[in-house]
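When we follow my numbering, the leftmost residue of the sequence shown carries the number 208, and every step to the right adds one. Where is the CB? At the ideal position from N, CA and C, for every residue including glycine. Only one structure is covered here, and it is reproduced in the block below.
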Amino acid sequence: MTLLISMLERPLDPGYAAAADKRRAEGLPASTGTRRPLLLVWLLLIGLVIGISTAALRDRDGARSEARAQLIQQIEDKQAEVDKSDRRARTLQREVDAATARLDPDLVGTRQAELDARRVASGLVAVQGPGLRITLDDAPGGGTSADGDPRTNVSNEGRVQSKDMQLITNGLWDAGAEAISINGQRLTSRTAIRFAGEAILVNFRPLTRPYTIEAIGDSGQMQTRFAESVAGSYLTGLESNYGIQTSLTTQDELHLPSAVNVSTREATVVPEGRTPPKVVPLEKETS
């Protein structure tokens with residue numbers, strides 16, 4: 208308690224108190240006054256830091272506001288372009304509708320049917336319907352050497368080759384297939400079936416085993432025509448001669464995707480007043 212009372216009554220250290228009394232006796236101030244200048248310096252520094260921080264925050268807020276305004280302006284400009292394009296598209300559609308209305312209805316129906324058939328044959332649209340499913344997989348073990356086409360000089364006769372796929376798919380086209388896909392890759396008149404290293408490429412995409420070929424068309428007619436063709440005999444020979452696992456089944460409903468990266472190589476503008484040339488079937492030759 209004595210210590211607490213002493214601290215309350217004399218908070219200043221006795222040494223500091225004696226020094227202050229001595230300075231007073233000499234006519235000097237009790238303190239040297241260094242605390243006040245230091246305090247002013249610290250206050251100035253703190254004020255300077257606060258001022259710089261505030262200015263930086265204001266500049267940042269200003270930059271954000273400017274960037275936000277620019278983004279809003281860009282959005283509004285793009286929206287205006289979209290609106291303009293929409294108006295242009297509607298105008299063109301009205302012109303197309305007006306031109307179509309002036310055409311012979313029978314001619315329009317015929318052309319539309321030809322166009323739809325062309326789109327299916329070109330692989331531009333996904334299709335569904337009955338058809339055939341052929342599955343091929345490598346033989347469990349290696350086969351013996353072969354002398355017949357198209358598997359001559361094949362190092363591993365028990366593996367499915369790209370030429371096997373080419374011959375079978377061409378046989379399906381000849382049997383009446385309207386659309387074909389291999390492992391989900393839609394075939395078109397420009398599709399390439401190649402062998403690269405140990406992988407079979409379709410549309411330049413590697414396939415994995417087993418290989419599933421799906422063909423849409425009249426399943427009964429296709430099955431009969433394919434079985435009677437060279438391709439059908441070839442498919443049977445793959446299993447009997449090389450041990451390649453094969454199966455052929457009819458399907459009530461198949462779903463084939465549209466082709467990827469389909470582009471137009473040639474196009475002709477029909478002069479006004481002239482009838483477009485008749486659409487001819489595509490040559491479905493896969494190589």
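Neighbour-count burial assignment, residue i, 16 or more Cβ in a 10 Å radius
i	result
W380	buried
R271	exposed
T415	exposed
E421	buried
D371	buried
S352	Bear in mind that the predicted position of S352 carries a pLDDT of just 44, short of 50, making it too unreliable to give a figure here.
I389	buried
V289	exposed
V303	exposed
V327	buried
G316	exposed
L445	buried
G439	buried
C-beta contact flag for residue i and residue j at 8 Å
i	j	result
G330	R267	no
L339	S426	yes
S436	G365	no
L442	I400	no
L463	A384	no
S454	T342	yes
F433	A382	yes
G457	Q430	The sequence shown places Thr at residue 457, not Gly. Result yes, Cβ atoms of T457 and Q430 sit closer than 8 Å.
T344	Q428	Note on identity: in this sequence residue 344 is Asp, with Thr being the wrong assignment. No.
Extent of the continuous alpha helix (DSSP H) to which residue i belongs
i	result
V367	V367 -> no alpha helix (DSSP H), and no H or E assigned at all.
A403	No alpha helix (DSSP H) holds A403; the beta strand (DSSP E) holding it covers I400 to A403.
G338	Run containing G338: none in the alpha helix (DSSP H); it sits in the beta strand (DSSP E), V334 to D344.
S454	Unbroken run through S454 is the beta strand (DSSP E), Q452 to L463; no alpha helix (DSSP H).
R432	S426 to A434
Among the options, the one whose alpha carbon lies nearest that of residue i
i	options	result
E460	L250, S440, T475 and I423	I423
T410	S272, A434, M429 and Q373	At residue 410 the sequence reads Asn, which differs from the Thr that was named. Checking every option, the nearest Cα to that of N410 belongs to Q373.
P417	P347, A320, V248 and E283	P347
S369	A382, G444, I257 and A403	A403
V167	A333, A406 and V334	Nothing about residue 167 can be read from this structure; the chain reaches only from 208 to 494.
DSSP-derived helix/strand/coil call for residue i
i	result
V409	strand
R393	strand
T475	coil
V256	helix
R416	coil
S352	Only weak support exists for where S352 lies, its pLDDT of 44 falling under 50; the value from the coordinates is given anyway. The answer is coil: DSSP assigns S352 none of H, G, I, E or B.
E421	strand
A263	helix
A232	helix
A386	strand
A466	coil
R301	helix
R295	helix
R309	coil
G330	coil
First through last residue of the beta strand (DSSP E) which encompasses residue i
i	result
E446	Where E446 is concerned, there is no enclosing beta strand (DSSP E), although the alpha helix (DSSP H) it sits in stretches over V437 to Y449.
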